[in-house]
Every structure is written in structure tokens, then in C-alpha cells.
Ligand SMILES: C[S@@+](CC[C@H](N)C(=O)[O-])C[C@H]1O[C@@H](n2cnc3c(N)ncnc32)[C@H](O)[C@@H]1O
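In our numbering, the protein residues as written are -4 to 353.
Laid out in C-alpha cells, this is it:
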């Protein structure tokens, strides 16, 4: 199709404006991989350890080739991640930027998101095939950077909100965890949420299950390293077939990934002990697309869902709720699974917390 620039009613100024927007988006997309390189090669951390640096000094400190480092620094100055002083040809990472790019323990840590994006780029051929055929792309078939990147990215959210906002939103849950209950995390990934809870609630016991064996192996290592290996067990299992009886079933960013969420939730309901409940943390979403079209959070989650969540759910059975299912569809899945009550217990800018009782 060729649109003639002299086609009637074509606003050339708007063409130009939009072409510039796409050019900026393209540049930002380029830098997604470069920002990840900065993380992977320790450039951000090295920049955070000095006030200003030349490319030669940074290359030497990080053991990298100066010519690459010089080009990379210029790119990061052009995108506004670094400041540049032409008089001294030095670059600096402002402390506020370092909190986002150079410190995984900071409440604003965000650099791991670029690791996830790099993994998505690596899956482009699989995704093209899936889009053409309608087949799925299982979570575990993605580039391994996905698993580590997602875990690091979510860990910041869990550190910021799990004990201060999410768990307290469910009446009495913190007290129950402190008193000692049996907890399972379904779709636990690399297990950060479970390990954090085990560290915080020494009287409770924890099981994490995931259908991805490599994630379970790494989660087990993480629990050992955190010194909670005696109270945390990770198993390769499926959300619809795991065994045991629990007082609390947790889902962290995984209900919408399931191929058969209603079937799996019905199974979870059957595994609940008397008085047990389900606690599910999901991406923030509105029920109607038009209610959050201008939100960068919506954009991020829809983009992730188009490349990761929907393809996995299709490969796992097909419900494909997607990461932007919204409160109505999510709570309906619990009700369809036979839960007596399902409600949104808390909403934060990035998440919805759903509580359900059998
Ligand atoms: C987005 S990740 C979230 C991982 C982890 N909960 C976290 O917060 O970092 C979703 C996880 O659900 C797992 N998963 C997907 N379908 C599953 C199923 N049917 N049974 C068990 N785990 C499943 C995936 O392997 C993946 O580790």
C-alpha cells in the first residue's frame, strides 16, 4: 500500500510529528539492549561509584574496550541517563539515576526490566511463528534472561509492597503468617516472594511450585543461600495438579499466565484447609481498555502480555486472560472456580491484590 503525500485530507504536519515520535521510540528501543549491556557489564555500577569519568577511565575500571565504552556513554548522555561535561569530556550518573540503574536493592530499581526486554527480542522468531499459527510459546522456551530478569524486576515490587501494602490489605493475614501457617506459592518462578516471606515469618512453612524445572532449581538455591532452606521447599509441579493441604495459596503475577485458570483455581480450592484463603497479586489493570490507554503501566503490561503471558497461556491450554485481564475477569475466574468470595483487597499503581475464600 502506498499513501500519496498529496492524498486529500492528509495532514502532513501530523505525519511529521508522528514520524518523529516513532523515531524517538525506535531510538529508545535500541537503547533497551544497550541499557541491559550496561547492567550486564557492570557499567552502571561502575559509573555509580565515581563522581565523573572519562571513557578511558571507565573502560579501564570495567576492563572493557574504550572505543565501545565511549560510544555507549555518548548514547546514554543522548537519552538523558547520564550528564556530559564537554569541557572535561566526562560523564556522570546522577545519584537519582543510580537508584534506578545501578542498585538492585534500591526501592526504585528498574534496570532488570531491560534484561526481560532483551529476552523478548531473542524470541522474535518464535513469536512471529506463534502469531501466524496461533500456537503458544511456553514460558520456559524463552531466552534464559527472561527468568532472571523477571525475578529481579519483581523483587523490587515485592520488597516495596509485599509487607507494607499487599499482605496487610487482607484482614488478619499478617497475624496468621506470624502465628505459623502452611503456605504454597503457585507459579513461584525463582522464588523471591516465598524466600522473603520465609525470612519474615519464621513460624510458617512454605512450598513453591512451578512447571519450569530450571526456575525451581534456582529457587532452591536462593532459599539455601538465604538460610531458609529448612522451611522452604520448591517442586516442579503444575497449578492444576500439585498436592498437599494449605492454609494460604499465593499467586504472584501468575494467575493470568495459566492456560486453564478456572481449572487451576478449582484445584487450589480443593487444596485449602478449613478457613484457608487464596492471595493473588496481579498486574494493575482496568476492566476497560479505554480507561487506562494513556498509562505507561498499561502500555508496559500489554507489551509484556503480547510477548510473554498470552503466548504462554495459549501453550498451556489457551484461556489467555492476558496481563491486563482486569478485576472483573480475574474475580470472575475465582467465582467460576467455585470460590464463595473473591474481591480486590488492594490496588497499587502497579498491582491488584485479590483475596478469595472457598
Ligand atoms: C510471570 S512469572 C512469575 C514468577 C514469580 N511468581 C515471580 O513473581 O517472579 C509466571 C510463572 O508461572 C509459571 N507457570 C506458568 N504456568 C504454570 C502452570 N500451569 N503451573 C505452574 N507454574 C506455571 C511460569 O513457569 C513462571 O515461572
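Heads up, the beta-carbon is just placed ideally off N, CA and C, and yes, glycines get one too.
From a predicted model like this one, the values you see are computed outputs, not experimental measurements.
Length of the line joining the Cα atoms of residue i and residue j
| i | j | result |
| --- | --- | --- |
| residue 49 | residue 85 | 5 Å |
| residue 265 | residue 147 | 32 Å |
| residue 68 | residue 208 | 39 Å |
| residue 275 | residue 200 | 18 Å |
| residue 83 | residue 47 | 10 Å |
| residue 135 | residue 9 | 42 Å |
| residue 14 | residue 5 | 14 Å |
| residue 219 | residue 202 | 14 Å |
| residue 28 | residue 152 | 22 Å |
| residue 95 | residue 24 | 18 Å |
| residue 216 | residue 194 | 15 Å |
| residue 168 | residue 87 | 45 Å |
| residue 81 | residue 72 | 11 Å |
| residue 240 | residue 223 | 21 Å |
| residue 55 | residue 89 | 21 Å |
| residue 319 | residue 288 | 11 Å |
| residue 238 | residue 66 | 54 Å |
| residue 314 | residue 144 | 25 Å |
| residue 79 | residue 278 | 37 Å |
| residue 142 | residue 18 | 30 Å |
| residue 330 | residue 323 | 10 Å |
| residue 230 | residue 34 | 31 Å |
| residue 213 | residue 62 | 36 Å |
| residue 52 | residue 164 | 49 Å |
| residue 113 | residue 344 | 25 Å |
| residue 117 | residue 337 | 38 Å |
| residue 262 | residue 269 | 15 Å |
| residue 7 | residue 21 | 21 Å |
Heavy atom of ligand 1 within 7 Å of residue i beta-carbon
| i | result |
| --- | --- |
| residue 136 | no |
| residue 183 | yes |
| residue 132 | no |
| residue 105 | no |
| residue 325 | no |
| residue 265 | no |
| residue 294 | no |
| residue 149 | yes |
| residue 313 | no |
| residue 254 | yes |
| residue 207 | yes |
| residue 307 | yes |
| residue 201 | no |
| residue 145 | yes |
| residue 210 | yes |
| residue 99 | no |
| residue 249 | yes |
| residue 174 | no |
| residue 204 | yes |
| residue 298 | no |
| residue 233 | yes |
| residue 188 | yes |
Cβ distance (whole Å) where residue i is taken to contact residue j below 8 Å
| i | j | result |
| --- | --- | --- |
| residue 346 | residue 156 | 7 Å |
| residue 184 | residue 206 | That belief does not hold up - the Cβ atoms of residue 184 and residue 206 are roughly 11 Å apart, past 8 Å. |
| residue 137 | residue 130 | Residue 137 to residue 130, Cβ: 14 Å. No contact. |
| residue 227 | residue 273 | Actually they do not touch by this definition, with Cβ atoms about 19 Å apart. |
| residue 282 | residue 321 | 4 Å |
| residue 348 | residue 161 | 5 Å |
| residue 57 | residue 36 | 6 Å |
| residue 312 | residue 254 | 2 Å |
| residue 43 | residue 104 | Rounded, the Cβ-Cβ distance is 12 Å, inconsistent with contact. |
| residue 328 | residue 257 | 5 Å |
Given residue i as reference, the closest of the options once Cα atoms are compared
| i | options | result |
| --- | --- | --- |
| residue 353 | 271, 319, 294, 306 | 271 |
| residue 38 | 263, 77, 21, 328 | 77 |
| residue 354 | 91, 26, 338, 181 | Any property of residue 354 remains undetermined from this structure, which presents the chain solely from -4 to 353. |
| residue 248 | 197, 267, 303, 171 | 303 |
| residue 177 | 196, 142, 324 | 196 |
| residue 243 | 172, 235, 311 | 172 |
| residue 250 | 42, 97, 326 | 326 |
| residue 204 | 293, 236, 261, 269 | 236 |
| residue 149 | 174, 107, 120, 119 | 107 |
Continuous beta strand (DSSP E) stretch holding residue i: start and end
| i | result |
| --- | --- |
| residue 278 | 267 to 278 |
| residue 347 | 346 to 352 |
| residue 79 | 78 to 80 |
First and last residue of the uninterrupted alpha helix (DSSP H) at residue i
| i | result |
| --- | --- |
| residue 326 | 322 to 331 |
| residue 246 | From DSSP, residue 246 is part of no alpha helix (DSSP H) but of the beta strand (DSSP E) over 241 to 247. |
| residue 176 | Unbroken run through residue 176: none, as it is neither H nor E. |
| residue 147 | 140 to 156 |
| residue 309 | 305 to 310 |
| residue 128 | 119 to 128 |
| residue 297 | 291 to 299 |
| residue 209 | 208 to 220 |
| residue 8 | 7 to 35 |
Residue i: CB within 7 Å of a non-hydrogen atom of ligand 2
| i | result |
| --- | --- |
| residue 134 | Absence of ligand 2 is noted for the structure shown, with ligand 1 being the only ligands found. |
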